[in-house]
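Reading through the structure tokens given below for one structure.
2 protein chains.
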Amino acid sequence: MKVLVTGAAGFLGGHVVSGLADDGFEVTGFDTKPNPGLPIHWIDGDLRDRNAVRRALAGQDAVCHLGAIGDVYLAGEKPWLAAEVNVVGSANIADAALAADAKVVYASTWEVYGEPQYQPIDEDHPCRPDHPYNITKLAGESLLLAADKLHGLPVTALRVGTAYGSGLRPNSVFRIFIDRAKAGEPITIQGDGLQGRQFTHASDIARAFSLACGSELHGLALNTVSERMVSIKELAEATVARYPTELTFGDPRPGDVPSARVSAEQIGRSLGWKAATPFEVGLEALMVTANK
Amino acid sequence: MKVLVTGAAGFLGGHVVSGLADDGFEVTGFDTKPNPGLPIHWIDGDLRDRNAVRRALAGQDAVCHLGAIGDVYLAGEKPWLAAEVNVVGSANIADAALAADAKVVYASTWEVYGEPQYQPIDEDHPCRPDHPYNITKLAGESLLLAADKLHGLPVTALRVGTAYGSGLRPNSVFRIFIDRAKAGEPITIQGDGLQGRQFTHASDIARAFSLACGSELHGLALNTVSERMVSIKELAEATVARYPTELTFGDPRPGDVPSARVSAEQIGRSLGWKAATPFEVGLEALMVTANK
């Protein structure tokens with residue numbers, strides 16, 4: 101089965117490429133950035149270019165659509181760019197997938213829900229995104245699921261948890277903590293550090309993409325998060341335990357997304373997926389890599 | 101006060117231009133289409149062109165942003181175009197309005213709600229749009245309201261009801277019924293015709309734009325609909341009563357939006373707005389015009 105992975109040069113895209121290749125899929129990468137060294141076929145292209153997306157999808161059986169302005173800060177600075185890539189880009193994917201008769205697995209995010217109305221948040225929870233990042237990610241998801249409903253394009257959206265693993269962006273909380281601790285600088289927690297995240301290892305998320313590619317299931321958005329909730333304070337303490345540095349507390353950062361427990365029950369039932377990497381194991385692997 | 105009206109060549113845009121001019125605003129039109137003859141300053145421009153939008157908004161005090169792919173059928177055929185104009189275009193308006201220090205009044209739609217969870221639908225009702233038209237209109241609204249929240253851009257979104265009045269599109273139910281009846285052809289109701297709409301006269305909607313431009317209120321999305329619910333059957337019967345033709349019934353059309361009662365209570369409280377044109381009066385005016 102031939103699968104195109106958009107955003108293949110990105111952090112999560114790289115994990116999805118590896119996971120799909122390990123599972124026997126024939127993978128082609130698509131990105132505006134050059135191939136970072138993955139042993140796969142590669143297409144340089146921009147999601148905003150409808151013809152380029154059509155050409156890339158021709159002959160493919162599926163597309164894992166991870167290409168996006170995924171950096172929340174960049175989306176906040178340039179909402180029009182987030183709209184172009186995340187919304188128009190996803191409309192272009194729907195168009196090309198319909199033409200190629202290919203299924204779509206879309207990388208959505210747990211952040212589409214916005215302020216929790218109840219917890220744990222299941223997939224029926226209303227979506228009230230309030231930032232250019234989650235607004236445009238939800239619009240991309242909705243356009244793809246509308247193409248499923250209106251035109252029979254098979255689409256599964258994975259609302260993934262906060263991902264971590266090798267290759268993380270330098271502005272992720274993991275990299276900030278580990279990089280500072282390695283340099284012997286104190287780690288500063290903004291606020292009390294009690295806000296939690298269901299950090300989900302990129303290899304687990306990659307497995308969900310493989311499962312969705314191989315499944316007949318479609319027309320759904322599925323929470324794809326680890327059950328384990330880890331607070332920022334726990335993460336900082338685990339980092340401090342390993343490196344000779346100290347922990348300090350600063351003022352809370354305005355606009356930080358508060359804790360919200362998200363349920364992964366539905367994806368367990370429908371795809372048999374469950375996050376398998378214990379947080380301690382994933383964090384240890386990240387610190388070992390960072391030490392090199 | 102100087103106001104830019106995007107989509108000024110459109111049906112509703114024309115009514116908003118007239119209403120603003122009558123209320124003493126200094127109006128400039130902005131559209132990809134040429135000025136249809138409105139006695140105002142005019143800028144030919146495309147919402148997708150960020151620099152053109154910036155130039156158009158420079159020196160303005162407010163923008164009434166009605167420019168959109170507002171034809172539901174066209175949005176369904178070309179979702180990428182709806183994404184470009186309705187989402188990227190609205191992001192460009194937010195960008196330019198921030199640069200110009202201008203407030204924004206956005207033409208949203210009651211259709212953002214999707215399937216009703218409860219009725220009457222107030223502004224706290226969840227939004228679950230399921231078609232490229234309402235998905236992209238909601239994303240545009242959300243991006244503008246996010247700019248209000250994150251950057252202090254004053255934004256009011258008017259979720260307008262199904263508008264009618266002079267200059268309606270040929271594919272609107274009013275024009276279809278009246279044009280067929282005038283030609284002596286039978287009017288066909290698809291389904292039982294009992295689904296209702298809160299048809300709202302364009303002049304009433306225009307008044308809401310004027311009120312919002314002149315108000316300090318911002319940061320809200322407000323339902324802007326007539327309280328009166330009229331069924332398709334009532335509309336057809338009123339048309340048949342005037343022209344020598346007959347009424348027939350056909351199969352229901354798949355995908356027709358079902359009836360949903362929408363509350364206009366909040367805009368009554370916050371802007372003092374209420375639809376003032378009785379349906380019979382508005383319909384009579386439309387039929388008189390159509391007779392010419």
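Same order as they appear, the protein sequences are chains A and B.
The opening position of the first sequence corresponds to residue 101 in the working numbering, with each subsequent residue numbered one higher.
The opening position of the second sequence corresponds to residue 101 in the working numbering, with each subsequent residue numbered one higher.
We put the beta carbon where it would ideally sit given N, CA and C, even for glycine.
Selected residue, minimal CA-CA separation from residue i, among the options
i	options	result
Ser-266 (chain A)	A:Gly-110, A:Ala-152 and A:Leu-335	A:Gly-110
Tyr-264 (chain B)	B:Glu-241, B:Pro-378 and B:Gly-214	B:Pro-378
Val-188 (chain B)	B:Glu-380, B:Gly-119, B:Arg-148 and B:Pro-254	B:Arg-148
Phe-394 (chain B)	B:Gly-319, B:Ser-242 and B:Thr-324	The shown model of chain B, from 101 to 392, leaves out residue 394 (chain B), and the question about it has no answer.
Gly-261 (chain B)	B:Ala-152, B:His-301 and B:Gln-290	B:His-301
Asp-144 (chain A)	A:Thr-209, A:Lys-133, A:Ala-168 and A:Asp-292	A:Lys-133
Tyr-206 (chain B)	B:Lys-282, B:Ser-242 and B:Arg-342	B:Ser-242
Ile-276 (chain A)	A:Arg-155, A:Ala-336, A:Val-330 and A:His-231	A:Ala-336
Ala-197 (chain B)	B:Ala-247, B:Phe-125, B:Asp-122 and B:Leu-181	B:Ala-247
Pro-383 (chain A)	A:Thr-345, A:Pro-344 and A:Ala-338	The residue you asked about is not Pro; residue 383 (chain A) is Leu in the sequence shown. It is A:Ala-338.
Val-116 (chain A)	A:Pro-226, A:Cys-164, A:Leu-157 and A:Arg-154	A:Cys-164
Val-340 (chain A)	A:Met-101, A:Arg-259, A:Val-127 and A:Gly-284	A:Gly-284
Ala-199 (chain A)	A:Gln-160, A:Asn-271 and A:Gly-319	A:Gln-160
Gly-137 (chain A)	A:Ala-158, A:Arg-154, A:Gly-114 and A:Pro-286	A:Gly-114
Val-127 (chain A)	A:Ala-156, A:Pro-344, A:Thr-389 and A:Gly-252	A:Ala-156
Leu-181 (chain A)	B:Thr-209, B:Arg-150, B:Arg-154 and B:Leu-181	B:Arg-150
Arg-154 (chain A)	A:Lys-282, A:Lys-249, A:Pro-344 and A:Thr-106	A:Thr-106
Gln-366 (chain A)	A:Ser-208, A:Thr-209, A:Asp-146 and A:Asp-224	A:Asp-224
Cβ distance (whole Å) where residue i is taken to contact residue j below 8 angstroms
i	j	result
Ala-257 (chain B)	Ala-239 (chain A)	No, Ala-257 (chain B) and Ala-239 (chain A) are not in contact; Cβ-Cβ is about 15 angstroms, not under 8 angstroms.
Ala-183 (chain B)	Ala-191 (chain A)	4 angstroms
Pro-179 (chain B)	Arg-361 (chain B)	In fact, because the Cβ distance is near 29 angstroms, the residues do not count as touching under 8 angstroms.
Gly-472 (chain A)	Asp-131 (chain A)	Residue 472 (chain A) cannot be examined here, being either before or after the span of chain A that is shown, 101 to 392.
Asn-186 (chain A)	Lys-237 (chain A)	6 angstroms
Val-212 (chain A)	Arg-280 (chain A)	About 31 angstroms; that fails the 8 angstroms criterion.
Pro-226 (chain A)	Pro-358 (chain B)	Actually they do not touch by this definition, with Cβ atoms about 19 angstroms apart.
Gly-319 (chain A)	Val-255 (chain A)	7 angstroms
Own chain, CB closer than 8 angstroms to residue i, minus 5 neighbours either side, in chain order
i	result
Glu-327 (chain A)	Gln-298, Ala-364, Lys-374 and Ala-375
Asn-135 (chain B)	Ala-108, Ala-109, Gly-129 and Trp-142
Leu-386 (chain B)	Tyr-264, Gly-265, Ser-266, Leu-268, Phe-274 and Ile-278
Leu-371 (chain B)	Ala-308, Leu-311, Ala-312, Ser-315, Leu-317 and Leu-322
Gly-119 (chain B)	Ser-303, Ala-306, Arg-307, Phe-309 and Ser-310
Pro-139 (chain B)	Ala-121
Val-381 (chain A)	none
Leu-244 (chain B)	His-165, Ser-190, Ile-193, Ala-194, Val-204, Tyr-206, Leu-253, Val-255 and Ala-257
Pro-286 (chain A)	Arg-280, Thr-345, Glu-346, Leu-347 and Thr-348
Tyr-218 (chain A)	His-225
Ser-208 (chain A)	Lys-237, Leu-238, Gly-240, Glu-241, Ala-257, Leu-258, Arg-259, Val-260 and Ala-321
Nonlocal neighbours in the same chain, by C-beta distance under 6 angstroms from residue i, ignoring five residues either side
i	result
Lys-392 (chain B)	Its pLDDT being 49, under 50, Lys-392 (chain B) is placed unreliably by the model, and the measurement read from it follows with that caveat. Within the same chain, Lys-392 (chain B) has no close Cβ partners at all.
Gly-368 (chain B)	Lys-374
Ala-162 (chain B)	Val-103, Ala-202, Lys-203 and Cys-313
Tyr-233 (chain B)	Val-172 and Ala-175
Pro-352 (chain B)	Gln-290 and Gly-291
Thr-53 (chain A)	Residue 53 (chain A) falls outside the range modelled here, since chain A spans only 101 to 392, and no answer is possible.
Ile-235 (chain B)	Pro-229
Thr-389 (chain A)	Ser-266
Phe-125 (chain A)	Met-101 and Val-103
Neighbourhood of residue i by C-beta, 7 angstroms cutoff - its chain only, sequence neighbours within 5 removed
i	result
Lys-333 (chain A)	Ile-289, Gly-293 and Leu-294
Val-330 (chain A)	Gly-296, Arg-297, Phe-299 and Phe-379
Arg-342 (chain B)	Met-387
Glu-215 (chain B)	Arg-228
Ala-158 (chain B)	Ala-200
Asp-123 (chain A)	Ser-310
Check: residue i C-beta below 7 angstroms from any heavy atom of the ligand SAM
i	result
Ala-109 (chain B)	For the structure depicted, the ligand SAM is absent and the ligand set is empty, with no information on it obtainable.
task: With 8 angstroms as the limit, tell me which residues of the segment 236 to 261 of chain A have their beta carbon closer than that to any beta carbon of chain B; keep them in chain order.
output: Along the segment 236 to 261 of chain A, going in chain order, the ones with a CB nearer than 8 angstroms to a CB of chain B are Thr-236, Leu-238, Ala-239, Ser-242, Leu-243, Leu-245, Ala-246, Ala-247, Lys-249 and Leu-250.
query: Closer than 8 angstroms, Cβ to any Cβ of chain B: which residues of the segment 132 to 165 of chain A, in chain order?
result: Look at the segment 132 to 165 of chain A: the residues with a C-beta under 8 angstroms from a C-beta of chain B are Arg-150.
- request: Ignoring anything shorter than 3 residues or poking outside the segment 216 to 274 of chain A, list the beta strand (DSSP E) runs there in chain order.
  value: 255 to 260, all fully within the segment 216 to 274 of chain A.
field: Under 8 angstroms (Cβ pairs) to chain A, residues found in the segment 170 to 188 of chain B
entry: Listed by position along the chain: Gly-176, Pro-179, Trp-180, Ala-182, Ala-183, Glu-184, Val-187 and Val-188.
- request: May I ask you to list, following chain order, the residues of the segment 209 to 233 of chain A that have a beta carbon less than 7 angstroms from some beta carbon of chain B?
  value: Here the close residues are Pro-226, Pro-229, Asp-230, His-231 and Pro-232.
Length at least 3, wholly inside the segment 139 to 170 of chain B: the beta strand (DSSP E) runs in chain order: For the segment 139 to 170 of chain B, the full-length beta strand (DSSP E) segments reaching 3 residues or more read 141 to 144 and 162 to 165 along the chain.
- prompt: Of the residues that make up the segment 192 to 206 of chain B, which ones have a beta carbon closer than 9 angstroms to any beta carbon in chain A?
  reply: Under the 9 angstroms Cβ criterion, the segment 192 to 206 of chain B contributes Asn-192, Ala-194 and Asp-195.
- prompt: Can you list the alpha helix (DSSP H) stretches of 4 or more residues lying completely in the segment 183 to 221 of chain A, in chain order?
  reply: As far as the segment 183 to 221 of chain A is concerned, its whole alpha helix (DSSP H) runs of at least 4 residues are 189 to 200.
message: Runs of 4 residues minimum, wholly inside the segment 289 to 375 of chain A: which ones carry the alpha helix (DSSP H) assignment?
response: With a minimum length of 4 residues, the continuous alpha helix (DSSP H) runs that stay inside the segment 289 to 375 of chain A are 302 to 313, 332 to 340 and 365 to 371.
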